[in-house]
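Chains E and U, in that order, are what the protein sequence lines are.
Using the working numbering, read the first sequence as starting at 928 and increasing by one per residue.
Using the working numbering, read the second sequence as starting at 72 and increasing by one per residue.
We put the CB at the ideal spot given by N, CA and C, even for glycine.
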Amino acid sequence: SQELEQSPQSLIVQEGKNLTINCTSSKTLYGLYWYKQKYGEGLIFLMMLQKGGEEKSHEKITAKLDEKKQQSSLHITASQPSHAGIYLCGADMSTGNQFYFGTGTSLTVIP
Amino acid sequence: GAGVSQSPSNKVTEKGKDVELRCDPISGHTALYWYRQSLGQGLEFLIYFQGNSAPDKSGLPSDRFSAERTGGSVSTLTIQRTQQEDSAVYLCASSLGGMGTQYFGPGTRLLVL
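Below, the structure is given as structure tokens:
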């Protein structure tokens, strides 16, 4: 079973459109991380959320962690081709010394 | 400063051969992680080193996989008697403390023929 579920699996949007990616866990998240992976490259850290209700923004990307700390959303405003890639959520669920990643969301932005 | 580096960047090997993958973490980072990313699949956690503590090996897929970290810095992931299903990108990450923000290397692409 997948510890972290991401939706949607893939997304194709027109440049300038807004979009949201979701990450859901069945367990309490002690730290929720968002990463971006460009095709064929390593992961780039975007943001980290720890407190329920926390929201962080960087440029046109906003991430939120819900009050129950079991779901996070990543919102991109006015998407650009440079936003294209695979977005991954990752979490420490303190079930052991392991770190879990979601299955990823592939984002394509059409110019 | 320098980020996480991994070598080799690409490795092609024959089934049954042993391979060693190397990871140089960011200087000062006490935690080091290995992941495997297979084509079309998510990131699979393999092993985690924190300081001088014994690593949690429960994520290693089989006893053909082993990892060590010398002097609390460089780590080597060894795959013995490679199989075709071992073909994947192997990613290494390091963090300042245990389960902190992880910074990833570019990965080693392993192809087992």
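Just to confirm the assignment: which complete alpha helix (DSSP H) runs, minimum length 4, are found wholly within the region 976-1021 of chain E?
Counting whole runs of 4 or more residues, the region 976-1021 of chain E contains no alpha helix (DSSP H) stretch at all.
E:Asp1019: contacting residues in chain U (beta-carbon distance under 8 Å)
Reading the first sequence from its first residue, position 92 is the one you call residue 1019 of chain E. Per Cβ cutoff of 8 Å: Met170.
Looking at the C-beta of U:Asp127, does it have a partner C-beta in chain E at a distance below 8 Å?
Taking the first residue of the second sequence as position 1, residue 127 of chain U is located at position 56. So yes, U:Asp127 belongs to the interface.
So, U:Gly74 versus U:Ile97, is the Cβ gap smaller than 8 Å?
Taking the first residue of the second sequence as position 1, residue 74 of chain U is located at position 3. Taking the first residue of the second sequence as position 1, residue 97 of chain U is located at position 26. Contact flag set, yes.
Check for me: the beta strand (DSSP E) holding U:Arg152 runs from which residue to which?
Counting from one through the second sequence, the residue named residue 152 of chain U turns up at place 81. U:Arg152 -> no beta strand (DSSP E), and no H or E assigned at all.
Less than 8 Å between the CB atoms is what I'm expecting for E:Ser1009 and E:Leu959, so what's the real figure, rounded?
Residue 1009 of chain E sits at position 82 when you count from the first residue of the first sequence. Residue 959 of chain E sits at position 32 when you count from the first residue of the first sequence. The pair is not a contact, with the Cβ atoms about 24 Å apart (cut-off 8 Å).
Using a Cβ-Cβ cut-off of less than 9 Å, list which residues of the region 948-982 of chain E approach chain B; keep chain order.
Among the chains of the structure shown, chain B does not appear; the protein chains present are E and U.
For the beta strand (DSSP E) holding U:Glu139, just list the boundary residues, first then last.
What you label residue 139 of chain U is simply residue 68 of the second sequence in a count that begins at 1. Per DSSP, the unbroken beta strand (DSSP E) holding U:Glu139 starts and ends at Phe136 to Arg140.
Using only the alpha-carbon positions, how far apart do E:Ile939 and E:Ile1003 sit?
The sequence position of residue 939 of chain E within the first sequence is 12, counting from 1. The sequence position of residue 1003 of chain E within the first sequence is 76, counting from 1. Computed Cα separation, rounded: 13 Å.
Starting from E:Glu932, trace the beta strand (DSSP E) both ways and give me its first and last residue.
Position 5 of the first sequence, counting from 1, holds the residue named residue 932 of chain E. Unbroken beta strand (DSSP E) run through E:Glu932: Leu931 to Ser934.
In angstroms with no decimal places, state the Cα-to-Cα distance between E:Leu973 and U:Ala102.
Locating residue 973 of chain E in the first sequence gives position 46, counting from the first residue. Locating residue 102 of chain U in the second sequence gives position 31, counting from the first residue. Using only the alpha carbons, I get a separation of about 19 Å.
For U:Ser158, I'd like the list of residues in its chain whose CB is within less than 7 Å of its CB, leaving aside the five on either flank, ordered along the chain.
Counting from 1 along the second sequence, the entry for residue 158 of chain U is found at position 87. Same-chain partners within the cutoff: Leu181, Leu182 and Val183.
Nearest to E:Lys996 by CA position, among E:Gln941, E:Tyr957, E:Trp961 and E:Tyr966, is which residue?
As a first step, residue 996 of chain E must be located in the first sequence, where it is residue number 69. Of the listed residues, the one whose Cα sits closest to E:Lys996 is E:Tyr957.
For U:Gly87 and U:Gln154, the rounded distance between their alpha carbons
Residue numbering aside, residue 154 of chain U sits at position 83 when the second sequence is read from its first letter. Residue numbering aside, residue 87 of chain U sits at position 16 when the second sequence is read from its first letter. Across the structure, U:Gln154 and U:Gly87 are spaced so that their CA atoms are roughly 6 Å apart.
Which term fits E:Gly1012, buried or exposed, when burial requires 16 or more other beta carbons within 10 angstroms of its beta carbon?
For the purposes of this step, residue 1012 of chain E is taken as residue 85 along the first sequence, with counting starting at 1. A residue is called buried once 16 or more other Cβ atoms fall within 10 Å of its Cβ, and E:Gly1012 is buried on that count.
Spell out a yes or no on whether the region 127-134 of chain U and the region 1024-1033 of chain E are touching, meaning 3 or more CB-CB pairs, one atom from each, closer than 8 Å.
These segments touch.
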